[in-house]
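Chains as they are written, first to last, in UniProt numbering: chain A, 1 to 162; chain B, 1 to 404.
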Amino acid sequence: MSSSVEAITVLSSDGDEFKITVSAAKLSKPLNWMLEDVCFSDDCDEVPTIEVNSKTLVKVIEYCEKHAPRANSGASDSDAEELKKWDIEFMKMDVKDILFHILMAANYLHMEGLYDLACQTAADLMKGMTVSQIRKIFHIKNDFSSEEQEQLRRQHPGCSFD
Amino acid sequence: MKQTAMDSDVLFLPHEIIRNILKRLPVKSLIRFQCVCKDWKNLMQNPSFIVDHLQQSSHQNPSLLLECKRINIPLPWRLYLLDSGLQVRRVQNSPSNNSSRNAGIVGSCNGLLCLEIHDFNQSPHPLSLWNPATTAVRHVPRTITDFCDFYNCVTGFGFSPIVNDYKIVRTYAVFYDVVTKVEVFSLNRGTWKAIDIGNLKGVRLNSETVTANGAIFWSGVKLVREKKEGEDNIGLQEDEDYIEEAEDKVDVIVSFDIAKEVFTVIPRPNLDWDADVMLTVYENKLAILCDIWGDEDEIPDMIYLWVLDEGTCASGDTWSWTKRYTSSPLSCTLDSMAIWRNEIVCKPDSEEHDDKGRRNVLCMMNLTTNEVKRSVISYCDSILRIYNYVESLVSVGNNYIEES
Numbered sequence: 001m002s003s004s005v006e007a008i009t010v011l012s013s014d015g016d017e018f019k020i021t022v023s024a025a026k027l028s029k030p031l032n033w034m035l036e037d038v039c040f041s042d043d044c045d046e047v048p049t050i051e052v053n054s055k056t057l058v059k060v061i062e063y064c065e066k067h068a069p070r071a072n073s074g075a076s077d078s079d080a081e082e083l084k085k086w087d088i089e090f091m092k093m094d095v096k097d098i099l100f101h102i103l104m105a106a107n108y109l110h111m112e113g114l115y116d117l118a119c120q121t122a123a124d125l126m127k128g129m130t131v132s133q134i135r136k137i138f139h140i141k142n143d144f145s146s147e148e149q150e151q152l153r154r155q156h157p158g159c160s161f162d
Numbered sequence: 001m002k003q004t005a006m007d008s009d010v011l012f013l014p015h016e017i018i019r020n021i022l023k024r025l026p027v028k029s030l031i032r033f034q035c036v037c038k039d040w041k042n043l044m045q046n047p048s049f050i051v052d053h054l055q056q057s058s059h060q061n062p063s064l065l066l067e068c069k070r071i072n073i074p075l076p077w078r079l080y081l082l083d084s085g086l087q088v089r090r091v092q093n094s095p096s097n098n099s100s101r102n103a104g105i106v107g108s109c110n111g112l113l114c115l116e117i118h119d120f121n122q123s124p125h126p127l128s129l130w131n132p133a134t135t136a137v138r139h140v141p142r143t144i145t146d147f148c149d150f151y152n153c154v155t156g157f158g159f160s161p162i163v164n165d166y167k168i169v170r171t172y173a174v175f176y177d178v179v180t181k182v183e184v185f186s187l188n189r190g191t192w193k194a195i196d197i198g199n200l201k202g203v204r205l206n207s208e209t210v211t212a213n214g215a216i217f218w219s220g221v222k223l224v225r226e227k228k229e230g231e232d233n234i235g236l237q238e239d240e241d242y243i244e245e246a247e248d249k250v251d252v253i254v255s256f257d258i259a260k261e262v263f264t265v266i267p268r269p270n271l272d273w274d275a276d277v278m279l280t281v282y283e284n285k286l287a288i289l290c291d292i293w294g295d296e297d298e299i300p301d302m303i304y305l306w307v308l309d310e311g312t313c314a315s316g317d318t319w320s321w322t323k324r325y326t327s328s329p330l331s332c333t334l335d336s337m338a339i340w341r342n343e344i345v346c347k348p349d350s351e352e353h354d355d356k357g358r359r360n361v362l363c364m365m366n367l368t369t370n371e372v373k374r375s376v377i378s379y380c381d382s383i384l385r386i387y388n389y390v391e392s393l394v395s396v397g398n399n400y401i402e403e404s
């Protein structure tokens, strides 16, 4: 790879093209490996595909571009504070619609910072939910028999199956 | 749980991701979510998940327990939890709350508390293990020693990752003299066992205790018996006045290795004779908070922090003390109580009240910046002691059948 390349093009799983700067791509180990392995010069036709849908990839790239300067150079406390606020705004998203996709993508792309942030956001959203809300968003079926439910209720009077 | 393609309409998260989310939830939510499905219920009882959750909880929300006595009301004692957002809430369902009995915390470790229930019909006082977050209680069986009323018990509680076990150590002394017997209760084993007092010979222990890094610590004094020439010692051993006069006392720290079940006696650093000493934990090591009381105008009040390093050092000893912090001269008298998140938590000597008459101020002294912050918190009672605490799912071992 020539050092003059500043941005690379990748394809989403939907087949859309996205540009991502080299410094931002370095936040992800698999993307970093791609940078080393694949030819990104102008006369190279091959565009790597990332198994993440377009809607999610837009957000992932947005996160990478925002965090890249700090990850590469370190930052002052005030920058860190600002970035924290940005993260909170960035994470204001629907759980089922996009947050879960971000979680999968961050896991697949080995992006520790984004993965932790997304896990924490999901946990904060789940804290106050009822059991039936949880089952709905995770697509989980209640597999307890009525006897087992009764036993759990006895052990933990605060338990509710609804 | 099956994993399907990411962009299908129904997205199933892999088990690993669900686990990473769940370890960040408070215990209260997790107990509720046991009812989601069998997979989740099993996960919450899985020892390695419990450890992950504990680590996350220690990192995310290290808390304090405030052990309080009520103003003008002798019984019962009360507990408050101060979380990392400085919110205070009362801790309910203490094993001693069902009656008018009082209780005291022996130790706090990984979300478990060892309590001594002050039941004056039973000597020694019965012990309970309690996880306030899950509300699980285990009554520790009566000990194997035949107990005489003139015994004085000093107890300690802690965890060793080496043997992956929680242990309670109970030492017995006649009145307030040197330790004569030691028993150890293992949570895994579920029984007491007498152990050799070993290095504890000739040591008198103070009841205050902390646990860190696989050991339990107490402060105490080692009595060095001197035989004075021309004096007849026989028959005088029981005479307390004699003991006070004829023995040299050395201030010591006693450590109990939870895995090896061995005591070590460590000399205490040289402190002012009238300093107020409090054991605490700093960077997972034993530390001593030392309050020096000045006099009105000339010498100001100060707080020092001494930290114990274990492992062979230059002098050949296997321990060394370092004075890690010296406060600025204090403008008002502060009573240091614990270390929490790089701050010394202090209680102002003259307590302040809000308009409802509640005591409500703690001072936090930052160990790096030296800054003293006054934190207004709301609690009603007078603080006796402060314990570091972290909410966890750690089990008290419910498979044990309580002895009558």
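Backbone N, C-alpha and C fix where the C-beta goes; we use that ideal spot for every residue, glycine too. Source: prediction; values computed, not measured.
Residue i in three-state terms, based on DSSP
i      : result
H67/A  : helix
A173/B : strand
D143/A : coil
I234/B : With a pLDDT of only 48 at I234/B, under the threshold of 50, the placement of this residue in the model should not be trusted; the figure read from the coordinates follows. Three-state DSSP puts I234/B in coil, outside helix and strand.
H118/B : strand
K193/B : strand
G311/B : coil
E148/A : helix
F12/B  : coil
S23/A  : helix
E240/B : Low confidence applies to E240/B: its pLDDT is 48, below 50, so where it sits in the model is not reliable enough to give any reading.
G158/B : strand
S392/B : coil
P267/B : strand
N110/B : coil
L305/B : strand
D77/A  : helix
N152/B : strand
I288/B : strand
Beta-ladder partner(s) of residue i, from DSSP
i      : result
N131/B : A136/B
G15/A  : For G15/A, which the question treats as bridged, DSSP gives no partner whatsoever.
G104/B : E116/B
I216/B : T211/B and F256/B
P348/B : L334/B
S382/B : K69/B
V372/B : M365/B
I8/A   : I20/A
R78/B  : C68/B
Same chain only: Cβ atoms within 8 Å of residue i, ignoring 5 sequence neighbours per side
i      : result
V88/B  : L66, Y80, L81, L82, I377, S378 and Y379
P269/B : I288, W306, W321 and K323
Any chain B beta carbon closer than 9 Å to residue i
i             : result
V18/A         : Per the sequence shown, the amino acid found at residue 18/A is Phe instead of Val. No, F18/A does not count as interfacial toward chain B.
L31/A         : no
M1/A          : Model confidence at M1/A stands at a pLDDT of 46, short of 50, so the residue's coordinates are unreliable and nothing is read from them.
F90/A         : no
C119/A        : yes
M126/A        : yes
residue 164/A : Summary: the structure shown does not reach residue 164/A, with chain A confined to residues 1 through 162, and so no result is reported for it.
M111/A        : no
H67/A         : no
M93/A         : no
A80/A         : no
Cutoff 9 Å: residue i Cβ touching any chain A Cβ
i      : result
L13/B  : yes
V210/B : no
D83/B  : no
W293/B : no
V390/B : no
K41/B  : yes
E343/B : no
K38/B  : yes
E16/B  : yes
Residues of its chain near residue i, where Cβ-Cβ distance is below 7 Å and the 5 sequence neighbours each way are ignored
i      : result
T56/A  : I98, H101, I102 and A105
V394/B : I50, L54, N110, G111, L112 and N131
G235/B : Bear in mind that the predicted position of G235/B carries a pLDDT of just 46, short of 50, making it too unreliable to give a figure here.
Residues of its chain near residue i, where Cβ-Cβ distance is below 6 Å and the 5 sequence neighbours each way are ignored
i             : result
M91/A         : T121
residue 412/B : Only positions 1 to 404 of chain B appear in this structure, which leaves residue 412/B out of reach.
V182/B        : T171, I195 and I197
V47/A         : T9 and L11
Any non-hydrogen atom of the ligand GDP within 8 Å of residue i CB
i      : result
S255/B : Ligands are entirely absent from the displayed structure, and the ligand GDP is therefore not among its contents.
For this session: Using a Cβ-Cβ cut-off of less than 9 Å, list which residues of the segment 368 to 385 of chain B approach chain A; keep chain order.
Result: Against chain A - using a Cβ distance shorter than 9 Å - the segment 368 to 385 of chain B contributes no residues.
Problem set entry | Proximal residues, the segment 132 to 147 of chain A versus chain B, C-beta separation under 8 Å | Only those residues of the segment 132 to 147 of chain A whose C-beta falls short of 8 Å from the nearest C-beta of chain B are listed: I134, R135, F138, H139, I140, K141, N142, D143 and F144.
For this session: Give, in chain order, every residue of the segment 18 to 34 of chain B whose Cβ lies closer than 9 Å to some Cβ of chain A.
Result: Residues of the segment 18 to 34 of chain B with a C-beta less than 9 Å from any C-beta of chain A: I18, N20, I21, L22, K23, R24, L25, P26, K28, S29, I31, R32, F33 and Q34, listed in chain order.
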